[in-house]
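Q: Here it is, the structure, as structure tokens.
Number of protein chains: 2
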Amino acid sequence: MAQGVPHRQSTLDEVAGLAGVSRSVASRVLNNAPHVSRAKREAVERAVHQLGYVPNPTARALATRQTGAAALVVSGEDPSIFADPFFAQVIVGASAALEDADLHLMLCLTASDRGRRRVEQLLRSKGADGVMLMALREDDPLARMAEEAELPVVFGGRPVGLDPRWYVDVDNLGGARAATEYLISLGRTRIATICGRPDTEAGRTRHRGYQDAMLAAGLEPYPPAAGDFTEPSGAVAMAALLARHPDLDGVFAASDNMGAGALRTLRAAGRRVPADVAVIGFDDLAVARIAEPPLTTVHQPIEALGREMARMLVALIKGQKPTPLILPTHLVTRASA
Amino acid sequence: MAQGVPHRQSTLDEVAGLAGVSRSVASRVLNNAPHVSRAKREAVERAVHQLGYVPNPTARALATRQTGAAALVVSGEDPSIFADPFFAQVIVGASAALEDADLHLMLCLTASDRGRRRVEQLLRSKGADGVMLMALREDDPLARMAEEAELPVVFGGRPVGLDPRWYVDVDNLGGARAATEYLISLGRTRIATICGRPDTEAGRTRHRGYQDAMLAAGLEPYPPAAGDFTEPSGAVAMAALLARHPDLDGVFAASDNMGAGALRTLRAAGRRVPADVAVIGFDDLAVARIAEPPLTTVHQPIEALGREMARMLVALIKGQKPTPLILPTHLVTRASA
DNA sequence: CCTGAAACTGGTAGCGCTTCCAGTCTTCCA
DNA sequence: TGGAAGACTGGAAGCGCTACCAGTTTCAGG
Numbered sequence: 020m021a022q023g024v025p026h027r028q029s030t031l032d033e034v035a036g037l038a039g040v041s042r043s044v045a046s047r048v049l050n051n052a053p054h055v056s057r058a059k060r061e062a063v064e065r066a067v068h069q070l071g072y073v074p075n076p077t078a079r080a081l082a083t084r085q086t087g088a089a090a091l092v093v094s095g096e097d098p099s100i101f102a103d104p105f106f107a108q109v110i111v112g113a114s115a116a117l118e119d120a121d122l123h124l125m126l127c128l129t130a131s132d133r134g135r136r137r138v139e140q141l142l143r144s145k146g147a148d149g150v151m152l153m154a155l156r157e158d159d160p161l162a163r164m165a166e167e168a169e170l171p172v173v174f175g176g177r178p179v180g181l182d183p184r185w186y187v188d189v190d191n192l193g194g195a196r197a198a199t200e201y202l203i204s205l206g207r208t209r210i211a212t213i214c215g216r217p218d219t220e221a222g223r224t225r226h227r228g229y230q231d232a233m234l235a236a237g238l239e240p241y242p243p244a245a246g247d248f249t250e251p252s253g254a255v256a257m258a259a260l261l262a263r264h265p266d267l268d269g270v271f272a273a274s275d276n277m278g279a280g281a282l283r284t285l286r287a288a289g290r291r292v293p294a295d296v297a298v299i300g301f302d303d304l305a306v307a308r309i310a311e312p313p314l315t316t317v318h319q320p321i322e323a324l325g326r327e328m329a330r331m332l333v334a335l336i337k338g339q340k341p342t343p344l345i346l347p348t349h350l351v352t353r354a355s356a
Numbered sequence: 020m021a022q023g024v025p026h027r028q029s030t031l032d033e034v035a036g037l038a039g040v041s042r043s044v045a046s047r048v049l050n051n052a053p054h055v056s057r058a059k060r061e062a063v064e065r066a067v068h069q070l071g072y073v074p075n076p077t078a079r080a081l082a083t084r085q086t087g088a089a090a091l092v093v094s095g096e097d098p099s100i101f102a103d104p105f106f107a108q109v110i111v112g113a114s115a116a117l118e119d120a121d122l123h124l125m126l127c128l129t130a131s132d133r134g135r136r137r138v139e140q141l142l143r144s145k146g147a148d149g150v151m152l153m154a155l156r157e158d159d160p161l162a163r164m165a166e167e168a169e170l171p172v173v174f175g176g177r178p179v180g181l182d183p184r185w186y187v188d189v190d191n192l193g194g195a196r197a198a199t200e201y202l203i204s205l206g207r208t209r210i211a212t213i214c215g216r217p218d219t220e221a222g223r224t225r226h227r228g229y230q231d232a233m234l235a236a237g238l239e240p241y242p243p244a245a246g247d248f249t250e251p252s253g254a255v256a257m258a259a260l261l262a263r264h265p266d267l268d269g270v271f272a273a274s275d276n277m278g279a280g281a282l283r284t285l286r287a288a289g290r291r292v293p294a295d296v297a298v299i300g301f302d303d304l305a306v307a308r309i310a311e312p313p314l315t316t317v318h319q320p321i322e323a324l325g326r327e328m329a330r331m332l333v334a335l336i337k338g339q340k341p342t343p344l345i346l347p348t349h350l351v352t353r354a355s356a
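Chain order of the listed sequences is A and B.
Numbering-wise (the working numbering), the first sequence opens with residue 20 and increments by one.
Numbering-wise (the working numbering), the second sequence opens with residue 20 and increments by one.
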């Protein structure tokens with residue numbers, strides 16, 4: 020709108036021409052590479068300014084074989100999985116770290132088959148400089164594709180049944196154990212768990228943490244009620260637990276959403292929280308603070324997870340060899356336990 | 020990992036060579052353009068398969084002047100604004116629609132100055148085929164940049180003080196009016212509002228809807244308590260309202276988060292909902308269902324918002340001239356009113 | 001005043017793909 | 001059977017940038 024004429028994008032040649040130097044020199048100025056005299060550098064800068072020149076990223080990408088973008092792939096057959104605020108926080112962290120490296124963020128939600136094919140294409144055609152992979156379920160074909168791709172790949176959380184070379188994870192085991200131990204320390208002995216999807220690493224590991232803590236305290240772990248990390252599934256699972264074990268006095272839910280669902284069911288069943296039943300969640304999302312009563316939960320550094328994934332990816336892209344990372348979790352006590 | 024040798028990416032030339040045709044023909048086959056005999060087409064396809072050839076998107080982009088990507092820019096000085104599950108839903112919708120058009124999604128969070136500069140760069144260098152812009156606050160410099168960019172731009176929600184050519188919005192006015200009218204129809208007369216940021220179109224318009232409905236019913240609108248769409252701000256605003264108008268019997272909150280905050284404050288103040296005070300929110304996010312009591316709210320089709328933005332952008336990229344869109348909202352009644 | 005190293009400079013060859021265009025080959029009608 | 005319309009084909013010219021490299025300049029040291 021500024022200029023009536025469609026203002027053909029100016030090129031480096033034109034800049035060089037206006038500055039009275041060769042294209043090579045102009046290129047060096049733009050990438051502030053050495054071997055450019057002060058005078059020419061300034062001349063080029065002037066020309067750039069005058070023409071409003073902006074380098075064409077595509078051409079640069081073709082020449083350097085670097086796209087300047089990193090992909091974040093969120094896998095899962097149901098697109099609604101992405102509605103979990105968890106991912107939003109991961110993105111905030113990743114975005115910040117990528118910005119520092121001047122990389123763009125490409126977001127790929129692979130709900131459909133078509134989406135998966137596109138990601139495969141992306142990997143094979145090197146349409147990005149690197150890839151971050153999240154929420155891989157067991158046997159997710161993406162994991163294999165990623166391993167085969169000759170491209171830096173960082174996993175967010177470890178996929179079940181795979182042992183990726185580079186990943187950032189959260190201490191699910193320690194967090195779940197700490198939560199369960201806390202319930203035990205409160206004097207609860209009839210502690211059940213609402214576990215997450217068993218085909219995810221987080222679901223399994225958090226359940227194992229619960230079991231470990233119970234066994235270590237000489238208590239018998241209850242058979243878990245399974246949910247899928249969502250609020251409704253937590254409510255349903257809680258109902259099942261109450262039916263099976265009417266006398267339980269503690270619940271460890273493997274996600275805040277499921278914890279909130281559990282609270283809802285308990286409220287409806289007339290159980291007081293925490294007086295009758297103490298509840299602990301996992302994640303420390305906003306819902307935990309808002310829940311009634313506010314949910315004691317295991318805090319995991321989600322934004323940091325995103326940030327570290329991105330940092331690790333950037334390191335890989337630069338040719339470094341970073342080491343896998345497991346971020347700490349810690350208990351946040353609120354009213355529910 | 021699959022092959023030990025780094026397996027140099029094969030090129031179209033190699034495909035053509037193996038198929039015994041010229042590169043042009045091979046290119047035509049790939050883009051299934053006309054003027055290729057059946058025999059050669061098959062030969063090329065065989066070669067593609069045999070070499071595991073994948074076209075290089077960067078080279079293609081340079082030649083066609085089309086990047087194959089669309090950017091979604093979420094503006095806001097605080098990155099945490101993005102943590103709102105609202106955006107996740109927009110993304111789900113947009114992602115699906117872009118996938119249909121075989122475009123990649125580039126996500127830009129412009130919290131920092133640097134981020135803004137990068138978006139400006141993106142716009143000016145045509146680093147994407149089009150841009151979707153969201154959450155523009157008053158005087159957001161991005162709005163100007165976008166208008167100046169010679170690039171298809173679609174706004175999500177209308178920025179304050181601008182009248183963009185292409186946008187998709189939600190019927191904030193009608194929704195807010197419907198919510199307020201519903202409170203009135205319930206026999207409430209002392210209805211206050213917790214409004215959102217007045218420097219956003221949604222904040223203003225929802226407030227105007229409240230006013231319109233009150234005036235139309237012959238009621239005096241209350242001076243609003245202002246929040247910023249977040250839960251804590253809703254709790255604070257509710258406290259202020261209670262202090263100013265201890266006798267109020269209805270509240271329209273301009274977001275579910277603020278509605279949830281209001282519920283929390285009301286509960287703490289010993290008011291029963293909805294018996295003493297009826298509360299209505301806006302958005303119909305998950306938090307509304309989880310709230311205690313579940314929040315009556317104005318549903319807005321968030322995923323559709325994202326989808327339609329993307330569709331409109333795709334149309335613009337194809338050179339069509341779509342028309343702006345305002346998506347309908349409707350009331351969802353739950354326990355809080 | 002000469003020499004060699006170091007600092008510059010710009011020509012040139014790509015990066016891998018699309019697309020235009022001038023030919024060549026078919027096909028089919030008169 | 002001649003010829004023209006129309007279907008193929010491949011050579012070549014880019015798209016805009018980087019990067020290598022040979023050539024030129026500059027300058028301190030001898």
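Where a beta carbon is used, it is the ideal one built from N, C-alpha and C, also for glycine.
What you are looking at is a predicted structure, and each value in this text was computed from that prediction instead of being measured.
Compare the beta carbon distance of residue 179 (chain B) and residue 152 (chain B) with 9 angstroms and say whether it is the shorter of the two.
A: Contact: no.
Q: To the nearest angstrom, how far is the alpha carbon of residue 226 (chain B) from that of residue 289 (chain B)?
A: One C-alpha to the other measures close to 27 angstroms.
Q: If you measure from the CB of residue 61 (chain A), is any heavy atom of the ligand NAD nearer than 8 angstroms?
A: Annotation note on the ligand NAD: not contained in the displayed structure, which lists no ligands.
Q: Kindly confirm or deny that the segment 97 to 108 of chain A and the segment 135 to 151 of chain A touch, where touching means at least three C-beta pairs closer than 8 angstroms.
A: Short answer: they don't touch.
Q: State the DSSP-derived secondary structure class of residue 264 (chain A), mapped to helix, strand or coil.
A: The answer is coil: DSSP assigns residue 264 (chain A) none of H, G, I, E or B.
Q: Check whether the segment 301 to 313 of chain B touches the segment 233 to 244 of chain B, counting contact only when three or more Cβ pairs, one atom from each stretch, lie closer than 8 angstroms.
A: Because the criterion of three Cβ pairs below 8 angstroms is not met, the segment 301 to 313 of chain B and the segment 233 to 244 of chain B do not touch.
Q: Going by C-alpha distance, which of B:146, B:190, B:218, B:169 is nearest residue 181 (chain B)?
A: Minimum Cα distance to residue 181 (chain B) is reached at B:218.
Q: Answer yes if the segment 48 to 63 of chain A comes into contact with the segment 118 to 127 of chain B, meaning at least three C-beta pairs across the two stretches below 8 angstroms, and no otherwise.
A: Touching, no.
Q: Based on Cα-Cα distance, which residue from A:96, A:203, A:108, A:146 lies nearest to residue 133 (chain A)?
A: Closest option to residue 133 (chain A), Cα to Cα, is A:96.
Q: Out of B:271, B:82, B:265, B:266, state which residue places its alpha-carbon closest to the alpha-carbon of residue 230 (chain B).
A: Nearest C-alpha to residue 230 (chain B): B:271.
Q: Between A:94, A:345, A:342, A:296, which has its C-alpha nearest residue 160 (chain A)'s C-alpha?
A: With distances taken between Cα atoms, residue 160 (chain A) lies closest to A:94.
Q: Buried or exposed: which applies to residue 108 (chain B), given that a residue is buried once 16 or more other Cβ atoms fall within 10 Å of its Cβ?
A: Buried.
Q: Helix, strand or coil for residue 138 (chain A)? Go by DSSP, reduced to three states.
A: In the structure shown, residue 138 (chain A) sits in a helix (DSSP, three-state: H, G or I).
Q: Got a sec: which bits of the segment 128 to 155 of chain A sit with their beta carbon under 8 angstroms from any beta carbon on chain B, in order along the chain?
A: Correct list: 128, 130, 131, 133, 134, 137, 140, 141, 143, 144, 145, 146.
Q: Please classify residue 186 (chain B): does DSSP put it in a helix, a strand, or coil?
A: Looking at residue 186 (chain B) - three-state DSSP - the assignment turns out to be strand.
Q: Give the range of the beta strand (DSSP E) segment to which residue 269 (chain A) is assigned.
A: Counting along the chain, the beta strand (DSSP E) containing residue 269 (chain A) begins and ends at 269 to 272.
Q: Excluding five sequence neighbours on each side, which residues of the same chain lie with their C-beta closer than 7 angstroms to the C-beta of residue 216 (chain B)?
A: Only 222, 247, 248 meet the Cβ criterion.
Q: Give a yes or no on whether 9 angstroms exceeds the smallest Cβ distance from residue 75 (chain A) to chain B.
A: Answer yes: the Cβ-Cβ gap between residue 75 (chain A) and chain B drops below 9 angstroms somewhere.
Q: Please determine, among B:176, B:37, B:44, B:194, the residue with the shortest C-alpha to C-alpha distance to residue 106 (chain B).
A: Checking every option, the nearest Cα to that of residue 106 (chain B) belongs to B:176.
Q: Since residue 108 (chain A) meets chain B, which of its residues come closer than 7 angstroms, beta carbon to beta carbon?
A: Going along chain B in sequence order, the residues near residue 108 (chain A) (Cβ under 7 angstroms) are 102.
Q: Quick check on the burial criterion: 16 or more other C-beta atoms within 10 angstroms. Buried or exposed for residue 46 (chain A)?
A: Result: buried.
Q: Report yes or no: do the segment 124 to 131 of chain B and the segment 339 to 350 of chain B share at least 3 C-beta pairs separated by less than 8 angstroms?
A: No, the segment 124 to 131 of chain B is not in contact with the segment 339 to 350 of chain B.
Q: Near residue 284 (chain A), what residues of its chain come up, given a Cβ to Cβ distance below 6 angstroms and the 5 sequence neighbours on each side ignored?
A: Closer than 6 angstroms at Cβ, skipping near neighbours: 254, 257, 258.
Q: DSSP three-state label for residue 284 (chain B), please.
A: Here residue 284 (chain B) sits in helix by DSSP.
Q: So for residue 150 (chain A), helix, strand or coil by DSSP?
A: Residue 150 (chain A) falls in the strand class under three-state DSSP.
Q: Please state whether DSSP places residue 175 (chain A) in a helix, a strand or coil.
A: Here residue 175 (chain A) sits in strand by DSSP.
Q: Is it a yes or a no for the segment 72 to 90 of chain B touching the segment 65 to 72 of chain A, going by three-plus beta-carbon pairs under 8 angstroms?
A: No, the segment 72 to 90 of chain B is not in contact with the segment 65 to 72 of chain A.
Q: Could you have a look at residue 123 (chain B) and say whether DSSP puts it in helix, strand or coil?
A: Three-state result, residue 123 (chain B): strand.
Q: For residue 60 (chain A), I'd like the list of residues in its chain whose CB is within less than 6 angstroms of its CB, leaving aside the five on either flank, ordered along the chain.
A: So the qualifying residues of the chain are 48.
Q: Does the CB of residue 71 (chain A) have a neighbour CB from chain B at under 9 angstroms?
A: Output row for residue 71 (chain A): interface = yes.
Q: Kindly give me the distance between the Cβ atoms of residue 328 (chain B) and residue 187 (chain B), rounded to whole angstroms, as I take these residues to be in contact under 8 angstroms.
A: Between residue 187 (chain B) and residue 328 (chain B) the Cβ distance is about 5 angstroms, and since that is below 8 angstroms, they are a contact.
Q: Between the segment 319 to 333 of chain A and chain B, which residues of the former have a C-beta closer than 9 angstroms to a C-beta of the latter?
A: So the close ones are 322.
Q: Measuring alpha carbon to alpha carbon, tell me which residue in A:232, A:205, A:214 is nearest residue 252 (chain A).
A: Ranking the options by Cα distance to residue 252 (chain A), first place goes to A:214.
Q: What are the boundary residues of the beta strand (DSSP E) that residue 162 (chain A) is part of?
A: It is not in any beta strand (DSSP E) - residue 162 (chain A) instead sits in the alpha helix (DSSP H) that spans 160 to 167.
Q: Using a Cβ-Cβ cut-off of 9 angstroms, state whether residue 20 (chain A) counts as contacting chain B.
A: Its pLDDT being 35, under 50, residue 20 (chain A) is placed unreliably in this model, and the value from its coordinates should be taken loosely. At least one chain B Cβ lies under 9 angstroms of residue 20 (chain A).
Q: Consult DSSP for residue 226 (chain B) and reduce its assignment to one of helix, strand or coil.
A: It is helical.
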